[in-house]
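Colleague:
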Amino acid sequence: MTEDEVRQHLAYAGPITELQVPMNADQNRIAGYAFVRYTTGDGTQSCLQWDRTMYAGREFRVERAKNQAPPLAIMDRPAC
1 MTEDEVRQHL AYAGPITELQ VPMNADQNRI AGYAFVRYTT GDGTQSCLQW DRTMYAGREF
61 RVERAKNQAP PLAIMDRPAC
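Under UniProt numbering, the first residue of the sequence shown carries the number 1, and numbering increases by one thereafter.
Put into structure tokens, the structure is as follows:
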């Protein structure tokens, strides 16, 4: 499977703003997961409906990204 094939499949849910498909450096192939951002909430909701379906012979898992702390530079810190 190529990054273009992943993009093409995920684009069925809606227009994509950003797609990251990490590679397994040892085997020079896709690591088996991706990060996708859609231009609309509708695209996100459509993609979430694919959770636990089959794609390319494998179970397709879809989750919302976990919230991350903001960068340290903009976090509230007590004055020293």
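Built from N, CA and C at the ideal position, the CB exists for glycine as well.
Considering only C-alpha positions, which residue in the set 38, 6, 1, 4 is nearest to residue 65?
Modeller: Walking along the sequence shown from the start, residue 65 turns up at place 65. Comparing Cα positions, the closest option is 38.
Colleague: Could you name each continuous alpha helix (DSSP H) segment of 4 residues or more that falls completely within the UniProt domain "RRM" (1-67), going from the start of the chain to the end?
Modeller: 3-10, 41-48
Colleague: Decide if residue 10 is buried, meaning its Cβ has at least 16 other Cβ atoms within 10 Å, or exposed.
Modeller: Numbered from its first residue, the sequence shown carries residue 10 at position 10. Its Cβ being crowded by 16 or more others within 10 Å, residue 10 is buried.
Colleague: Could you give the distance in angstroms between the alpha-carbon of residue 44 and the alpha-carbon of residue 60?
Modeller: Walking along the sequence shown from the start, residue 44 turns up at place 44. Walking along the sequence shown from the start, residue 60 turns up at place 60. Going from the Cα of residue 44 to the Cα of residue 60 covers about 15 Å.
Colleague: Given a threshold of 16 other Cβ atoms within 10 Å of its Cβ, counted over all protein chains shown, does residue 25 qualify as buried or as exposed?
Modeller: Your numbering for residue 25 matches position 25 in the sequence shown. Flag for residue 25 reads exposed.
Colleague: How big is the Cα-Cα spacing for residue 63 and residue 28?
Modeller: Walking along the sequence shown from the start, residue 63 turns up at place 63. Walking along the sequence shown from the start, residue 28 turns up at place 28. Looking at the two C-alpha atoms, the distance is approximately 25 Å.
Colleague: Using a Cβ-Cβ cutoff of less than 7 Å, which residues in the same chain neighbour residue 57 once the five nearest sequence positions on both sides are dropped?
Modeller: Along the sequence shown, one-based indexing puts residue 57 at 57. Answer for residue 57: no residue qualifies.
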